[in-house]
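Chemist: Can you read through this structure? Questions will come right after.
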Amino acid sequence: MTDQKVAEPKETRLPRTNGPASDAPAFPRAGTAAGRRFGPEELEALRQVMESGALNRNAGAIVHKFERAFATYYGRKHCVMVSSGTAAIHVALGSLGINPGDEVITSPITDMGTVAPILLLNAIPVFADLDERTFLMDPASIEANITKRTRAIMPVHLAGYPCDMAAIKAIAARHGIPIVEDCCQAYCCGYQSRWVGQLTEIGCFSLNQHKHITCGDGGMMVTDDDALATRAKLFADKGWPREQGIRDYLFLAPNYRVTELQAAVALAQLPKLASVVRDRRRIAGRILAGVDSCGIFEWMQPVPGAQPSYWLLLARALRRPRDELGRFLIQRGVPAMNGYLSAPIYRSTMLAHMKTFGDSGWPHRAAEIQSPRTYEWGLCPRAERLVAEMFVVQINENYGDEQVAYIIAALKDMAARLA
Ligand SMILES: Cc1ncc(COP(=O)(O)O)c(C=O)c1O
Numbered sequence: 072m073t074d075q076k077v078a079e080p081k082e083t084r085l086p087r088t089n090g091p092a093s094d095a096p097a098f099p100r101a102g103t104a105a106g107r108r109f110g111p112e113e114l115e116a117l118r119q120v121m122e123s124g125a126l127n128r129n130a131g132a133i134v135h136k137f138e139r140a141f142a143t144y145y146g147r148k149h150c151v152m153v154s155s156g157t158a159a160i161h162v163a164l165g166s167l168g169i170n171p172g173d174e175v176i177t178s179p180i181t182d183m184g185t186v187a188p189i190l191l192l193n194a195i196p197v198f199a200d201l202d203e204r205t206f207l208m209d210p211a212s213i214e215a216n217i218t219k220r221t222r223a224i225m226p227v228h229l230a231g232y233p234c235d236m237a238a239i240k241a242i243a244a245r246h247g248i249p250i251v252e253d254c255c256q257a258y259c260c261g262y263q264s265r266w267v268g269q270l271t272e273i274g275c276f277s278l279n280q281h282k283h284i285t286c287g288d289g290g291m292m293v294t295d296d297d298a299l300a301t302r303a304k305l306f307a308d309k310g311w312p313r314e315q316g317i318r319d320y321l322f323l324a325p326n327y328r329v330t331e332l333q334a335a336v337a338l339a340q341l342p343k344l345a346s347v348v349r350d351r352r353r354i355a356g357r358i359l360a361g362v363d364s365c366g367i368f369e370w371m372q373p374v375p376g377a378q379p380s381y382w383l384l385l386a387r388a389l390r391r392p393r394d395e396l397g398r399f400l401i402q403r404g405v406p407a408m409n410g411y412l413s414a415p416i417y418r419s420t421m422l423a424h425m426k427t428f429g430d431s432g433w434p435h436r437a438a439e440i441q442s443p444r445t446y447e448w449g450l451c452p453r454a455e456r457l458v459a460e461m462f463v464v465q466i467n468e469n470y471g472d473e474q475v476a477y478i479i480a481a482l483k484d485m486a487a488r489l490a
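With my numbering applied, the sequence shown corresponds to residues 72 to 490, in that order.
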């Protein structure tokens, strides 16, 4: 692993997807409903909620039912369902009692939903560099970034691949810091005979349109800790202790309630999760084995003990510019993206220019912050190189033999022609 600096790219807003050429062979379209598994179960569940007339979680029983079902599925004591994965992470950090100026260590290659909740608590995101082979947070870089202000570590199980949790848990235990796992891309993602989301204090999940299961938008936080769960429920509902029959607001908190309609769809989706993961494993396994290390690109490598659940297939271009590879696949009609992010998340306009609370530049420019963090190019050199070299092959559980064979053939052709 090398840490030499990467030059700041001249253009950080590269178009990620060029449409297929007009004469490109068409990717054989598979299945239904944009790669998700929807059926009569979801429609029936929605019909029942509509007929009940109870659409709000406090009027009906379905959100509670889903929370119990998901907690049981994950073998955890509590689940709090909220309106998105972003909300689940906000609720998780809020329930931990993160204070303004506290630091949370996370990944530079992730969705903004990982990072925005840290800032919404006026806390400071700190970015650990990634491992170039696993594309995941490097435990050594996590430890190097721990300061006396660190209040949580948030590993991101990117693309359905688990982080090196043995090493991260050992670091957290050594420093007495809680872990919030971002499992938004990682349902049923195995690590040493368990799933991520079962391994630490809190796991957070997303139900947005693109995830293994979905209800359009939604999210869950799971924990075994009674106090965290109680605070999480309050944090997701304006700080209102409804269950005590009191109309008071105990602390500043958003409203992240989810409707009975969303929960009805999520509840109908949950029994399908095992088959979704099984089929994604089969499809991904065939593609990865069909085009192994071929010299011009390298797949994301799992950590020891990993059993990925494959949200996306991520690869890194070797020898040739990533855009040549991405363009080749896209022009072939393969569902691919020329990169996952156009820059590490800390170079997004919001973070690079601190577009946070009005013009304040908070939390970084708050008077109390003695040595503010900055997010210049060069902060995480390996992640910056990865962002520039990474391309994405999208898969879904509805692919059949035809789609798998098409992708393998296109990857092989790319390897032969661009070698
Ligand atoms: C790793 C990760 N974290 C958090 C989120 C936020 O989830 P949501 O879009 O449901 O808010 C996402 C969403 O894509 C994600 O991929």
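C-beta: ideal position from N, C-alpha, C; glycine also.
Under 6 Å Cβ to Cβ from ASP295, same chain only, skipping five residues before and after it: list those, please.
Modeler: Answer for ASP295: ARG147 and LYS148, listed in chain order.
Chemist: Buried or exposed, going by whether 16 or more other CB atoms sit within 10 Å of the CB of THR420?
Modeler: It counts as exposed.
Chemist: Smallest Cα separation from ALA491: which of GLN465, ILE401 and ILE416?
Modeler: Nothing in the structure corresponds to residue 491, since the chain is present only between 72 and 490.
Chemist: How is GLU314 classed by DSSP in three states: helix, strand or coil?
Modeler: GLU314: helix per DSSP, three-state reduction.
Chemist: Report yes if the C-beta of SER413 is less than 7 Å from at least one heavy atom of ligand 1; otherwise report no.
Modeler: No, the Cβ of SER413 stays beyond 7 Å of every heavy atom of ligand 1.
Chemist: How is ILE248 classed by DSSP in three states: helix, strand or coil?
Modeler: Of the three classes helix, strand and coil, the one that applies to ILE248 here is coil, per DSSP.
Chemist: Hey, out of HIS283, GLY131 and VAL463, whose CA is closest to GLY106's CA?
Modeler: Answer by Cα proximity: HIS283.
Chemist: Hey, PHE306 and GLY165: beta-carbon distance below 8 Å or not?
Modeler: In contact: PHE306 and GLY165 (Cβ atoms closer than 8 Å).
Chemist: For THR221, list the residues DSSP reports as bridge partners.
Modeler: Note: THR221 sits in a beta bridge opposite GLU174.
Chemist: Using 10 angstroms around the beta-carbon of LEU482, count the other beta-carbons present and answer buried if the total reaches 16, otherwise exposed.
Modeler: It is buried - the Cβ of LEU482 has at least 16 other Cβ atoms within 10 Å.
Chemist: Jot down the residue ranges of each uninterrupted beta strand (DSSP E) in the stretch 342-416, minimum 3 residues, whole runs only, in chain order.
Modeler: Counting whole runs of 3 or more residues, the stretch 342-416 contains the beta strand (DSSP E) stretches 368-370 and 383-388.
Chemist: So THR285 packs on ASN279, CB below 8 Å; how close in whole Å?
Modeler: At roughly 6 Å, the Cβ-Cβ gap stays under 8 Å, so THR285 and ASN279 are in contact.
Chemist: From GLU112, PRO325, ARG100 and LEU332, pick the residue whose C-alpha is nearest to that of ARG128; which is it?
Modeler: Ranking the options by Cα distance to ARG128, first place goes to LEU332.
Chemist: Note down the Cα distance separating VAL134 from GLU113, rounded to an integer number of angstroms.
Modeler: Rounded to whole angstroms, VAL134 to GLU113 spans 15 Å at the Cα level.
Chemist: Is it a yes or a no for the stretch 180-193 touching the stretch 297-305, going by three-plus beta-carbon pairs under 8 Å?
Modeler: Contact between the stretch 180-193 and the stretch 297-305 is absent, because fewer than three Cβ pairs lie under 8 Å.
Chemist: Does TYR262 pass the burial test, meaning 16 or more other C-beta atoms within 10 Å, or should it be called exposed?
Modeler: Buried.
Chemist: Can you tell me whether DSSP reads MET121 as helix, strand or coil?
Modeler: Helix.
Chemist: Determine which residues share a DSSP beta bridge with PHE32 and list them.
Modeler: There is no way to answer for residue 32, as the model of the chain reaches only from 72 to 490.
Chemist: What are the start and end residues of the alpha helix (DSSP H) that includes GLY432?
Modeler: GLY432 -> no alpha helix (DSSP H), and no H or E assigned at all.
Chemist: What number of angstroms, rounded off, separates the C-alpha of ILE416 from the C-alpha of LEU117?
Modeler: Rounded to whole angstroms, ILE416 to LEU117 spans 37 Å at the Cα level.
Chemist: Decide if GLU138 is buried, meaning its Cβ has at least 16 other Cβ atoms within 10 Å, or exposed.
Modeler: By the neighbour-count rule (16 or more Cβ atoms within 10 Å), GLU138 is buried.
Chemist: I want to know whether the stretch 459-467 touches the stretch 403-417 - three or more CB-CB distances under 8 Å.
Modeler: Contact between the stretch 459-467 and the stretch 403-417 is present, because at least three Cβ pairs lie under 8 Å.
Chemist: Taking the C-alpha atoms as reference points, what is the distance between ARG351 and GLY268?
Modeler: Near 19 Å, if we compare the C-alpha coordinates of GLY268 and ARG351.
Chemist: Count Cβ pairs between the stretch 371-381 and the stretch 203-214 that sit closer than 8 Å; are there 3 or more?
Modeler: As far as the Cβ criterion goes, the stretch 371-381 touches the stretch 203-214, which means the pair count is three or higher.
Chemist: According to the neighbour-count rule (16 or more other Cβ atoms, all chains shown, within 10 Å of its Cβ), is LEU321 buried or exposed?
Modeler: When all chains shown are included, LEU321 counts as exposed.
Chemist: Taking DSSP as the reference, what is the three-state secondary structure of MET425?
Modeler: MET425 falls in the coil class under three-state DSSP.
Chemist: Would you call the CB atoms of SER154 and TYR327 closer than 8 Å?
Modeler: It is a contact, given that the beta carbons lie within the stated cut-off.
Chemist: Please return the same chain residues whose Cβ sits closer than 8 Å to the Cβ of TYR446, not counting the five positions on each side in sequence.
Modeler: Closer than 8 Å at Cβ, skipping near neighbours: PHE198, TYR417, ARG418, LEU422 and ALA423.
Chemist: What separation, rounded to the nearest whole angstrom, lies between the Cα atoms of ARG453 and GLN474?
Modeler: When rounded, the distance between both Cα atoms is 33 Å.
Chemist: Could you check which residue in LYS309, ILE169 and VAL162 has the C-alpha nearest to that of GLY274?
Modeler: It is VAL162 whose Cα lies nearest to the Cα of GLY274.
Chemist: Would SER380 and CYS260 be called neighbours here (beta carbons separated by less than 8 Å)?
Modeler: Taking 8 Å as the Cβ cut-off, SER380 and CYS260 qualify as a contacting pair.
Chemist: At the level of alpha carbons, what is the spacing between VAL120 and PRO111?
Modeler: Cα-Cα distance, rounded: 14 Å.
Chemist: If we call anything under 8 Å between Cβ atoms a contact, is ALA215 one with VAL251?
Modeler: Going by C-beta atoms, ALA215 is not nearer than 8 Å to VAL251.
Chemist: Tell me the DSSP bridge mates of GLY261?
Modeler: BP columns for GLY261 point to TRP266 and GLN378.
Chemist: If you count every other CB in all the chains shown that lies within 10 Å of the CB of ASN170, and 16 or more means buried, which is it?
Modeler: It counts as exposed.
Chemist: Please classify ILE239 as buried or exposed, where buried requires at least 16 neighbouring CB atoms within 10 angstroms.
Modeler: ILE239 is buried by the Cβ-count criterion.
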